[in-house]
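Structure first, commentary second.
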Amino acid sequence: MTSTTGIQIKTRRPLIGEMIELMSSMRFAIAMLAMIAIAAVIGTVMKQSEATSNYINQFGPFWFEVFDKAGLYAVYSSWWFMLLMTLLVSSTSLCIARNAPKMVRDMRSWRENVREQSLLNFPHRMHWRAPLARAALAQQTAARLADNGYRVKIVERDNGTLLAAKQGGANKFGYIFAHASIVVICVGALFDSDLPIRFQEWVLGKTPFAGSGLIAEVPAKHRLSTANPTFRGNTLIPEGSNSSSALLQRPDGVLIQDLPITINLKKFTIDFYSTGMPKLFASDVEVVDHATGEKVNAVIEVNKPLIFKGLAIYQSSFEDGGSKLKLKGYPMLGTGTQSFELNGEVGGTTPFSDAYTIEWSGFRPFNVENMNNDARAVKQDKSLREALSASLDKHTGSAGRGSLSNELKNVGPSVQYKLRDKTGQAREYQNYMQPMTLDGASVFLAGVRANPSDPFSYLRIPADDEHSVRDWMRLRAALADPSLRAAAAKRYGERAAPQTGDVAAVRAQIEASSEKSLGLFAGDGKVGGFVSISQFLEKVPVEGQEKTAEVFMKILNGSLWELWQVARAKDGLAPVTADEAHGRYLLLATNALSDAFFYGAPVYLQLDEFVEVKASVFQVTRSPGKNIVYFGCALLVLGVFSMFYIRERRLWVWIKDDVEHSGGTEALMAMSTQRKTLDFEREFVTLKEKLPQSA
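Under my numbering, the first residue of the sequence shown carries the number 29, and numbering increases by one thereafter.
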């Protein structure tokens, strides 16, 4: 304001005015967009709405609490993200409210108050004379400008005629549309967010369900009604079954979303590439509307959803639908060899003795692996260090470990399960039904891991002459039986003792060494195998360890051979032939016996028969804000197109009588634009040539 003395006095703008000025500024909007982009990156990198246990396992208790307080497990519904979105919408709305009216007024205005003198200051101007009268030249010039796409207004003045022309005024709609699109998209996203669900949790007392049981028996406080305006849930449906509800994953459980429809899965089809990756999977479904009874049959594929009564049903993935399994169990502890039968169903549990429960977690009818067919011979006289290294190598191996090749092969079905003890601790196992050839040997793979995030380590049980694990199980049980070890040691002493000298004394000494080596390898209730032997050899002086190891391994190999024969004889079987094939089998069996101490299960379960049941996983969504978001995207495209491809041009022509020459008129043309481009320069040159031309 100005005082009576003419001195300028600056007054402080009210705080609300300053805040509005800040929020409607470009720098504030850019800051909000940058922060939202960072939040979107966090939400993309970190999996959202996972189970709490998954986050604890991944980050640990301390960082789990930190990230939980920061709302990083549900970024897009956290209070701070909603605040950022609100500030962005407010800032953009204020920008539109402040600038859009000015832009509309500017588009409608002709800027006809321009003076002749000001036109002389334009860099793009032109002057010419014409023999026509002032009114005639004005009409001719207006027609030529209109022919070039300009809208023209003729304004008569006392000392001349002004032609005001404009083109490309829609350029300013680009600003309005682009900013409005941000508001529209954010509002549409708000409709499709989980804020309505959180509102029901806060106000209506809805709580996630963390238990187990039938969905139909879940209490009402864990269920969302069919009137829920927006949701995104998953439902798993086995072939021949149906579902009328979906599960909405929450950090501490799930919410049951009741659907206004029933989805019947009539058939699930899946096709695979040669690599084992799914090529195509589709579901043949029948959808029934609860309100009208209307039925719709459709085939749902990936990226080809079924849209029905405001619901979108997507083909999300596929799972096992409860395949029926029949397995044969073999004891892995003690001296028992009797196998037994066991039945299971994927997704269910089976009690096993008083100490364990089996949780059937997965079944695959076929597995494509990159196999190694390198038939390298393995020497039986390898040193203990080599044998121990080879044994430990198996603990970190994969199903297809070995020399890399490009041969992909279907190795048959596999079953996956967890063995959980009374304390709740569990180890996960993956066993293949059929033997596979690795490094030239036929072996059964039995995988084990302690944590779901760890890869499986595989125990390689060699296949016997009958392509089964029975001989190895027989040898394992014999190794745990002191009486059979003693019998095997006696046989080895008789075979290995020389026939000269004090035969009885030497035989007794060899027999004692044999029994000791078998006892160490058996572990006798402790960790056995090569680890036990290695611990024993550490007590030997360093200079004699290598020679002692060679002698020890030779005695162990011979003793295990005899133990094998003793075990077969106990079961009424003939001894095996002493040839290279059986020698290699014994070497593999020895490695597997050593690895078995790390298997950590009282039983080995081998898949015998199965009846596969497929299941389809659908994502069912109701997204009322989808069309709003589409409209916002259309506005954004129009806005960007208008701003970048529509150029606003303004042109004025001042026509006055030529007083210096008798008759005729003279004209002054000036042209301006917001962005000077090559196209503008060419258009100016064209108009310079066209406007002065005689009719």
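The beta carbon of each residue, even a glycine, is placed where N, CA and C say it ideally should be.
Just the C-alpha distance for aspartate 449 and valine 476, rounded to the nearest angstrom, thanks. Translated into the one-based positions of the sequence shown, residue 449 becomes position 421. Translated into the one-based positions of the sequence shown, residue 476 becomes position 448. For aspartate 449 and valine 476, the distance between alpha carbons rounds to 15 Å.
Pick helix, strand or coil for asparagine 82, following the three-state DSSP scheme. Along the sequence shown, read from residue 1 onward, the residue named residue 82 stands at position 54. Looking at asparagine 82 - three-state DSSP - the assignment turns out to be helix.
How many Å lie between valine 631 and tyrosine 457 at the Cα? Here residue 631 refers to the residue found at position 603 of the sequence shown. Here residue 457 refers to the residue found at position 429 of the sequence shown. Going from the Cα of valine 631 to the Cα of tyrosine 457 covers about 11 Å.
Can you give me the Cβ contacts of serine 442 inside the same chain, cut-off strictly under 7 Å, excluding the 5 residues immediately before and after it? By one-based count along the sequence shown, residue 442 stands at place 414. Arg392, Asn395, Gln458, Asn459, Tyr460 and Met461.
Between the Cα of isoleucine 335 and the Cα atoms of Gln721, Leu696 and Lys654, which residue gives the shortest distance? Residue 335 sits at position 307 when you count from the first residue of the sequence shown. Isoleucine 335 has its Cα closest to that of Lys654, out of Gln721, Leu696 and Lys654.
For tryptophan 680, the three-state DSSP class (helix, strand or coil): Mapped onto the sequence shown, residue 680 falls at position 652. Looking at tryptophan 680 - three-state DSSP - the assignment turns out to be strand.
So for proline 480, helix, strand or coil by DSSP? Taking the first residue of the sequence shown as 1, we reach residue 480 at position 452. Correct three-state label for proline 480: coil.
Taking 7 Å as the cut-off, is the C-beta of phenylalanine 558 nearer than that to any heavy atom in the ligand PLP? Although the ligand PLP was asked about, the structure shown includes no ligands whatsoever.
When DSSP labels each residue in this structure, what does tyrosine 101 get in the three-state scheme? The residue you call residue 101 lines up with position 73 of the sequence shown. The answer is helix: DSSP assigns tyrosine 101 an H, G or I state.
Using the three-state DSSP reduction, which class does tryptophan 91 fall into: helix, strand or coil? Against the sequence shown, residue 91 aligns to sequence position 63. If DSSP states are grouped into helix, strand and coil, tryptophan 91 belongs with the helices.
Residue closest to glycine 692, alpha-carbon to alpha-carbon, out of Ser722, Lys716 and Met699: Translated into the one-based positions of the sequence shown, residue 692 becomes position 664. Of the candidates Ser722, Lys716 and Met699, the one whose C-alpha sits nearest the C-alpha of glycine 692 is Ser722.
Who are the near neighbours of threonine 727 in its chain, counting only those whose CB is closer than 6 Å to its CB and skipping five residues on each side? Nothing in the structure corresponds to residue 727, since the chain is present only between 29 and 723.
Let me know the secondary structure DSSP gives valine 212 once reduced to three states. In the sequence shown, residue 212 corresponds to position 184, counting from 1. Helix.
C-alpha distance - alanine 79 paired with proline 483, whole-angstrom precision: For this step, residue 79 is matched to residue 51 along the sequence shown. For this step, residue 483 is matched to residue 455 along the sequence shown. In a straight line, the C-alpha of alanine 79 is about 21 Å away from that of proline 483.
Spatially closest choice to serine 269 from Pro279, Gln285, Ala255 and Thr290, by CA coordinates: Looking up residue 269 in the sequence shown gives position 241. It is Thr290.
Going by other Cβ atoms of all chains shown within 10 Å of its Cβ, with 16 needed for buried, is phenylalanine 712 buried or exposed? Numbered from its first residue, the sequence shown carries residue 712 at position 684. That one is buried.
Measuring straight from C-alpha to C-alpha, what distance separates threonine 593 and aspartate 348? Indexing the sequence shown from 1 puts residue 593 at position 565. Indexing the sequence shown from 1 puts residue 348 at position 320. Before going on, a small fix: residue 593 reads as glutamine here, not threonine. Computed Cα separation, rounded: 43 Å.
Measure how close the beta-carbons of alanine 695 and tryptophan 682 come, nearest whole angstrom, since I'm counting them as under 8 Å. Residue mapping note: residue 695 aligns to position 667 of the sequence shown, counting from 1. Residue mapping note: residue 682 aligns to position 654 of the sequence shown, counting from 1. With 8 Å as the limit, alanine 695 and tryptophan 682 qualify as a contact, their Cβ atoms being about 7 Å apart.
Could you check if glutamate 543 is buried or exposed, using at least 16 other CB atoms within 10 Å of its CB as the buried criterion? If you number the sequence shown from 1, residue 543 lands on position 515. With 16 or more other Cβ atoms within 10 Å, it is buried.
Could you spell out where the alpha helix (DSSP H) holding valine 231 opens and where it closes? On the sequence shown, position 203 is the one that residue 231 refers to. Per DSSP, valine 231 belongs to the alpha helix (DSSP H) from 223 to 231.
Go ahead and pull the three-state DSSP assignment for serine 389. Against the sequence shown, residue 389 aligns to sequence position 361. Strand at serine 389.
Helix, strand or coil, according to DSSP, for proline 306 in the structure here? For the purposes of this step, residue 306 is taken as residue 278 along the sequence shown, with counting starting at 1. In the structure shown, proline 306 sits in a strand (DSSP, three-state: E or B).
Test item: CB-CB of alanine 174 and leucine 165 under 8 Å: Working through the sequence shown from its first residue, we reach residue 174 at position 146. Working through the sequence shown from its first residue, we reach residue 165 at position 137. No, these two residues do not count as a Cβ contact at 8 Å.
So, using beta-carbon positions, are isoleucine 70 and leucine 115 closer together than 8 Å? Residue mapping note: residue 70 aligns to position 42 of the sequence shown, counting from 1. Residue mapping note: residue 115 aligns to position 87 of the sequence shown, counting from 1. No, they are not a contact pair.
DSSP state of phenylalanine 170 mapped onto helix, strand, coil: On the sequence shown, position 142 is the one that residue 170 refers to. The sequence shown places alanine at residue 170, not phenylalanine. In the structure shown, alanine 170 sits in a helix (DSSP, three-state: H, G or I).
Tell me the rounded alpha-carbon separation between lysine 410 and glutamate 578. The residue you call residue 410 lines up with position 382 of the sequence shown. The residue you call residue 578 lines up with position 550 of the sequence shown. Here the model assigns lysine 410 a pLDDT of 35, short of 50, so the residue's position is not dependable and the matter cannot be decided.
Would you decide whether aspartate 421 is buried or exposed? Buried here means 16 or more other CB atoms lie within 10 Å of its CB. To locate residue 421, count along the sequence shown from 1; it is residue 393. In this predicted model, aspartate 421 has a pLDDT of only 39, less than 50, meaning its place in the structure is not dependable; the value taken from the coordinates is given anyway. Aspartate 421 comes out exposed.
With H, G and I counted as helix, E and B as strand and the rest as coil, what does DSSP make of isoleucine 341? Taking the first residue of the sequence shown as 1, we reach residue 341 at position 313. Note: isoleucine 341 maps to strand in three-state DSSP.
Run of the beta strand (DSSP E) containing valine 631, from where it starts to where it stops: As a position in the sequence shown, residue 631 is number 603, starting the count at 1. Counting along the chain, the beta strand (DSSP E) containing valine 631 begins and ends at 631 to 639.
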